[in-house]
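Numbering (the UniProt record's numbering), first residue to last: 1 to 193.
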């Protein structure tokens with residue numbers, strides 16, 4: 001057991017170090033996209049599957065509640081939480097459209113879609129990003145090494161250099177927490193429209 005835990009920590013630490021340089025430019029780009037949306041009082045929508053759905057809800061919750069310090073709530077909505085709508089869309093249309101149809105109904109130009117997919121190939125995430133782009137939303141994708149389509153489509157792609165799902169998700173959490181910290185630091189300088 002001890003070796004398993006030690007090895008997990010070592011793989012985590014190695015990936016964090018490798019990720020720092022690999023993702024820094026896109027993390028900065030993502031931060032600028034989110035700050036621009038906050039300035040214009042637009043909404044951040046998030047989505048993902050499985051553990052990435054949990055990350056999408058976590059990130060959205062940090063906007064709606066707070067990260068560290070008390071501040072005004074920021075517009076955010078996790079597209080993963082309405083089971084009635086998701087199952088209706090999945091049943092009546094296709095599971096590939098569970099997020100895209102929500103983006104179509106709720107998204108406005110200037111809003112941001114933040115999509116989490118460790119593989120980069122989840123069909124419902126790809127469909128949501130496509131829909132967001134057609135409606136003028138900015139798109140940020142948190143992913144791993146895969147997902148070439150999303151790399152060429154999204155406005156910012158934060159690609160953790162790994163194929164190991166658990167480690168990718170751990171680094172994603174570090175990154176979206178860093179984005180929250182940066183946004184909270186910048187909020188006093190933001191005057192909304």
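Backbone N, C-alpha and C fix where the C-beta goes; we use that ideal spot for every residue, glycine too.
In its chain, beyond the 5 residues on either side, 127, 128, 131 have a beta carbon closer than 6 Å to the beta carbon of residue 100. It is roughly 43 Å from the alpha-carbon of residue 17 to the alpha-carbon of residue 91. For residue 13, the number of other beta carbons within 10 angstroms of its own is below 16, and it is reported as exposed. With a minimum length of 4 residues, the unbroken runs of alpha helix (DSSP H) contained wholly in the stretch 81-162 fall at 83-92, 100-106, 123-134, 148-153. Taken atom to atom, the span from the alpha-carbon of residue 148 to that of residue 120 is near 7 Å.
Burial state of residue 77 is buried, judged by a 10 Å Cβ sphere holding 16 or more other Cβ atoms.
DSSP places residue 47 in the strand class (E or B) of the three-state scheme. With contacts defined by Cβ atoms closer than 8 Å, residue 45 and residue 176 do not form a contacting pair. Ranked by Cα distance from residue 9, the options 167, 189, 183, 21 are led by 167. Taking a C-beta distance under 8 Å as the contact criterion, residue 22 and residue 161 qualify as a contact pair.
In this structure, the straight-line span from the alpha carbon of residue 29 to that of residue 96 is close to 28 Å. By the 16-neighbour rule on beta-carbons within 10 angstroms, residue 150 is buried. About 5 Å separates the beta carbons of residue 113 and residue 137, which is inside the 8 Å limit, making them a contact pair.
Under DSSP, residue 78 takes part in a beta bridge, and its partners are 46.
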